[in-house]
Structures are given as structure tokens and as C-alpha cells.
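There are 2 protein chains.
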Amino acid sequence: MFQAISKRSVSDEVFDQLRNRIVSRDLKAGEELPSERLLSEMLGVSRNAVREAIKRLQQARLVEVKHGGMTTVLDYRIEAGADLLPSLLFDRQGQIQVDVARSIVRMRQVLSPEIAGDAAVYGKAATADRLDAIVDEMVVAVAPAELQRLAFEFWEVLVDGSGNIAYRLAFNSLRKTYEPIWDLLTQMLGRDLQKLGAFRKLAVLVRQGDRDGAMHSAREYIDGSSTAIYQFLDLYEQHAQRVSKDAVTEGQ
Amino acid sequence: MFQAISKRSVSDEVFDQLRNRIVSRDLKAGEELPSERLLSEMLGVSRNAVREAIKRLQQARLVEVKHGGMTTVLDYRIEAGADLLPSLLFDRQGQIQVDVARSIVRMRQVLSPEIAGDAAVYGKAATADRLDAIVDEMVVAVAPAELQRLAFEFWEVLVDGSGNIAYRLAFNSLRKTYEPIWDLLTQMLGRDLQKLGAFRKLAVLVRQGDRDGAMHSAREYIDGSSTAIYQFLDLYEQHAQRVSKDAVTEGQ
DNA sequence: TGCTGCCAACTGGTTCTACCAGTCTATCGA
DNA sequence: TCGATAGACTGGTAGAACCAGTTGGCAGCA
């Protein structure tokens, strides 16, 4: 009914604005940011807020700060970490960057079988128990949104079971990236989420410690759902091109 | 001879201290941080510096800040991104966290063949040219350190060639993680870096657009160097256990 | 008794001002 | 011409004052 009011802080606003200008190449690598005092004046905020934003840009390795000198923009493709992905997924018009989306899906596609395999080897009975419990919930779930939530939780448990902290943190970054298009994903994955047999089978293989079996089974499922997303992205791309072409035509 | 004096800013110091307390479970998930005013008093710094540090913790998803309420610690294993890896690699005594290191090597091992395969498909001639140029340099390189630099640059070019921004940013995170143990890596990889034939072959396969060949060749090489690292980590682990056991014995 | 509303004492959010500490450059003197 | 230096930038730090949410207790009313 009512939804919480999002009250973004001033420094968050400054951070977003600067970050967007950097990832959109509006501010190119090597260029210098205006001085803190100038920025605070231009944006109508305190120098404090600007400093907090720049500290965060520095942490994200989007800029380099030098005491006494100017703050310069870095090449985010070389320096930035996976935490930048969410802000790369959409362009300034709010359109999905199809190549970015494809990259993310591909990485998930590649990592998932390995995660399942490692979970089969290193996961304890507790992992298999949790997986079974989730599948049990999926069986009685009706709403696609609920099914999707459980499916993603299934993978989170597998990631946990793999005992690999690098997988875990990388998956966290991916999760943060597709959270904004959660509902869209529900539509894309509709059919694949119905394949409860695949989930059940995977849970069994993990319990049996069958590395190859789990990998194969995981690959089979994840390839399917990845293909569904790729197909959507292809359509989205064609649609976006057609729209932008129309816009050009109208402009003439 | 002389090395630059690291003049860490106050807020960096505060950030590091709080982050370390969180990743070492000294501050557990759900616990509350002292208020900004109290923290600034305890640490003997301005509230300004504390705020900058907390803003960064917030960005790293290590804490949750609520206007009017207390700032609480989050579970970094669930929330944090891959950028946290560097600070997980060492414990408080400066010892390598072997399981974290293994995780990172494993992820690199899994991603690398896929990256090589994608680079073979999506990389242009320019990618193959750059790879050849690097191998040419490797042939005349003598110092192991120089060889290692070139080998890692080789992989960076492959990641670029794959055209996958998610791979790119994930690799950036991994790179930042093993930068602190760069010299140690030189020792571990000594023999594998001599395998110039493997690099040359990979470059050729990428130029030919041979996806499966590039993947296979990359897997062959990366499995070898990964094994070398795993073996070192096993020894390191045994040594660390022996030392800690001795320490206990001495304490008796 | 139990609910409502308000107030006080916290919390983080924001803005100033003043000053410290590096870096760069133009200018002046040897 | 060269080099030292003064001044005008840059970011770094501190502190005070105030705004803005949250919480809990207390007074007052039903």
C-alpha cells in the first residue's frame, strides 16, 4: 500500500553524480576533478559532503586523491572492482546496457557448475539438508516471485557449501547487480523456475558428494536459464535499436 | 633503497581499524557501533574523520547506518563484495589466511580457461598482436620478476579480449588481492613462468579463434601454476600449525 | 487500566569557519 | 640563466553549531 520514502543523503547524491559522470566517460580517465571547495560551491553543498563522496570514489578506485594536488579520474575498467557492476547495468536513460548484462549472466553461468561441484565435495550434510528444505518449499510455492526467491536462495546455499569465500563475495556483487531488475528476471526465468526436478536432482548429487554429477546437473540447468536471459536481451537490444532509430528519424 | 613514507590519513586509519574489527569478528554482525561522537572522542579524532570512515564502511556494506538510530554491523559474508578480499587475506598477526588464498586461486583457475575461450571468440587481431608482443618480451626477459609482470599482463590482455566487463572487474579485485604478496608469488610460480611455449601456443589459438583449443591450453597452464600455489599453501599451513603448536608448548 | 501525545535526550546529517599541510608556479635576486 | 622563495592554490583536520530523525518515558486523558 504505502512504500517507504527514500531519503538519500547529500553526500550520496554527490557520490552518485560524480560516479555516473565517470562511468559514462563524461569525466574521462586522467581528467581532474574540480577542487573540493569549487565542487561544494557548484553543487550548493558543504565541502564536508563533497569530501565524503570523494572518499568513497577513492575507495571504489574511481579517482586518485593527492594531498596538495588535484584529484584525478582513474580508468575504472582497469582499477575498479566488481562492486561497480550495479552502476554499469543502466545507462543515463535508464536503459539496460545489454553487453554488461550479458557479461554478468555469462560469469554466473561459468561459476555456477564449479560452485555446485565444490559444494558436492566440501558441503556437509547440513548443506544438503538446507537444499532439500528449499526444494520442499518450492514444491508448495505457487507465486513465480516466491519460486524465484527460493531458487536464488538455493544457489546461495550452494555457494555457502562450496566453502569458497571468493565465490561468495563475487556472488554477492552479482546479486546486488540484478536486484534492481528482480521483477524482470521473474518474467525471463518463468519456465526454468518450474523445473523442480533439476533442483531436487542437484540436491541429491550434492548429498552424495558426486562432484561431476553435480557439475553436470548444474550446468544443464544454468545453461537453460542463461539462454532464456540471452534471448530476452537479444530482443531488448533489437527493440532499443529500433526505438533509437525512430528517434533519429523523428529528428529529421 | 628508500621507500616512500606512507602518510595514511586519519579517516583511513579509522576505516582500517573498524574494518579489521569487523572482518575479525571482533565486532559481530548485529552489534552496534559506538555513536560518532563517542568514537571520535575515543579515537582522539574529529567527528568528521569518523564520518568519512563510516561512509566507506557503509559503501562496503559492512555496516548499516540509520538516521536517528545506531549504526549496526552487517554480516560481511552475506553482504560484502569482492573488494573485501584483500583485507581477508591476512589475519591480525599478518599470517596468510590459507583458506582465503585457496579460494582466490580456485576462482582464478576456474575463470581463466573461460576467459581464454571467450577471448579467442570475441578478441580481434589487436588482442592477438598484443599477446604476441608480450610473449616476445618474455623471451628476452631474464629476471623472474619481469617474467611474472609480463605473464600477468598477458592475462590482463586476455581478459580485455574476452569483452566481458564482469570478468574484468572480478579480475581487478583478484589482482588487488595478490598485489601484497607479489614477491611471494614470484617464488611460487618460478618454474611455471618458464613455460613460454604455453603462452605462445595460447596466443596462436586466440588468433585462430579456436575456442576449445584456447580453453584447453589455458586450463593446462593455469592448472599447473595453481597446483604450485596449492602446494606452497599446504606447506605454509603445516608450518603455521607447527609454529602455533610450539607457541602453545612454550606457554606450558 | 490503557491509550495518546508530547517532550527530552539521544542518534546521525549538514553546514560553517579556521587552520594545518602538501604542491605548484611565478617572480625576484644572485 | 639558474635557483631560492613567497604566495596561491590544493587536500587534510578540527570543532562548533545546528537540523533531522528515533526512542523512551512521563503526563494527561478516556
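Protein chains in written order, with the working numbering: chain W, 1 to 252; chain Z, 1001 to 1252. All residues carry an ideal CB built from backbone N, CA and C; glycine is no exception.
Taking C-beta to C-beta, are residue i and residue j nearer than 9 Å?
{"i": "V1073 (chain Z)", "j": "I1022 (chain Z)", "result": "yes"}
{"i": "L1062 (chain Z)", "j": "A166 (chain W)", "result": "no"}
{"i": "L1202 (chain Z)", "j": "L1111 (chain Z)", "result": "no"}
{"i": "S1011 (chain Z)", "j": "A1053 (chain Z)", "result": "yes"}
{"i": "A228 (chain W)", "j": "L184 (chain W)", "result": "no"}
{"i": "G209 (chain W)", "j": "V135 (chain W)", "result": "no"}
{"i": "S1009 (chain Z)", "j": "A1049 (chain Z)", "result": "yes"}
{"i": "L174 (chain W)", "j": "R219 (chain W)", "result": "no"}
{"i": "E1032 (chain Z)", "j": "T1071 (chain Z)", "result": "yes"}
On a Cα-Cα basis, can you pick out the residue from the options that is closest to residue i?
{"i": "K28 (chain W)", "options": "W:E13, W:Q59, W:H67, W:R77", "result": "W:R77"}
{"i": "F90 (chain W)", "options": "W:S24, W:K124, W:A49", "result": "W:S24"}
{"i": "Q1017 (chain Z)", "options": "Z:A1125, Z:A1120, Z:L1039", "result": "Z:L1039"}
{"i": "A82 (chain W)", "options": "Z:Q1231, Z:R1207, Z:N1172", "result": "Z:N1172"}
{"i": "A133 (chain W)", "options": "W:A80, W:R207, W:S87, W:R92", "result": "W:R207"}
{"i": "A1151 (chain Z)", "options": "Z:T1186, Z:N1164, Z:M1042", "result": "Z:T1186"}
{"i": "L194 (chain W)", "options": "W:R149, W:Q238, W:L233, W:N164", "result": "It should be pointed out that residue 194 (chain W) corresponds to Gln in this sequence rather than to Leu. Among W:R149, W:Q238, W:L233, W:N164, the Cα nearest to that of Q194 (chain W) belongs to W:R149."}
{"i": "A80 (chain W)", "options": "W:R19, W:R51, W:L235", "result": "W:R19"}
{"i": "D26 (chain W)", "options": "W:Q238, W:V157, W:E41, W:D75", "result": "W:D75"}
Between which residues of its own chain and residue i is the CB-CB distance below 6 Å, once the five residues before and five after are set aside?
{"i": "A198 (chain W)", "result": "Y221"}
{"i": "G1117 (chain Z)", "result": "R1211, A1214, M1215"}
{"i": "R168 (chain W)", "result": "V159"}
{"i": "F15 (chain W)", "result": "A53, R56"}
{"i": "G161 (chain W)", "result": "A119, G123, T127"}
{"i": "K176 (chain W)", "result": "P86"}
Go through its chain and collect everything with a Cβ distance to residue i's Cβ below 8 Å, but skip five positions before and after it.
{"i": "M1068 (chain Z)", "result": "The displayed chain sequence assigns Gly, not Met, to residue 1068 (chain Z). Around G1068 (chain Z): no qualifying Cβ."}
{"i": "R106 (chain W)", "result": "S226"}
{"i": "S1217 (chain Z)", "result": "A1116, A1198, K1201, L1202, L1205"}
{"i": "W155 (chain W)", "result": "S112, I115, F171"}
Kindly list the residues whose CB is nearer than 7 Å to the CB of residue i, restricted to its own chain and excluding five residues on each side of it in sequence; keep chain order.
{"i": "A240 (chain W)", "result": "Q95"}
{"i": "M1058 (chain Z)", "result": "For the sequence presented, residue 1058 (chain Z) should be read as Gln rather than Met. Once the five neighbours on either side are set aside, the close Cβ partners of Q1058 (chain Z) are V1065."}
{"i": "D1192 (chain Z)", "result": "G1224, S1225, A1228"}
{"i": "Q1097 (chain Z)", "result": "L1088, L1089, F1090, D1091"}
{"i": "L196 (chain W)", "result": "V135, M138, V139"}
{"i": "E153 (chain W)", "result": "I134"}
{"i": "L147 (chain W)", "result": "M138, A141, L193"}
{"i": "L233 (chain W)", "result": "V98, A101, R102"}
Take the Cβ of residue i as the centre, count every other Cβ of all protein chains shown within 10 Å, and call the residue buried at 16 or more, exposed below.
{"i": "P113 (chain W)", "result": "buried"}
{"i": "R1037 (chain Z)", "result": "exposed"}
{"i": "S1046 (chain Z)", "result": "exposed"}
{"i": "K55 (chain W)", "result": "buried"}
{"i": "A143 (chain W)", "result": "exposed"}
{"i": "G1044 (chain Z)", "result": "exposed"}
{"i": "V140 (chain W)", "result": "exposed"}
{"i": "S1035 (chain Z)", "result": "exposed"}
{"i": "R1242 (chain Z)", "result": "exposed"}
{"i": "W182 (chain W)", "result": "exposed"}
{"i": "A125 (chain W)", "result": "exposed"}
{"i": "G1163 (chain Z)", "result": "buried"}
Under the three-state reduction of DSSP, which class applies to residue i: helix, strand or coil?
{"i": "T1072 (chain Z)", "result": "strand"}
{"i": "V98 (chain W)", "result": "helix"}
{"i": "V254 (chain W)", "result": "Here chain W covers residues 1 to 252 and nothing more, so residue 254 (chain W) does not appear."}
{"i": "E1153 (chain Z)", "result": "helix"}
{"i": "E32 (chain W)", "result": "strand"}
{"i": "M1001 (chain Z)", "result": "Low confidence applies to M1001 (chain Z): its pLDDT is 44, below 50, so where it sits in the model is not reliable, and the reading given next is rough at best. If DSSP states are grouped into helix, strand and coil, M1001 (chain Z) belongs with coil."}
{"i": "V10 (chain W)", "result": "helix"}
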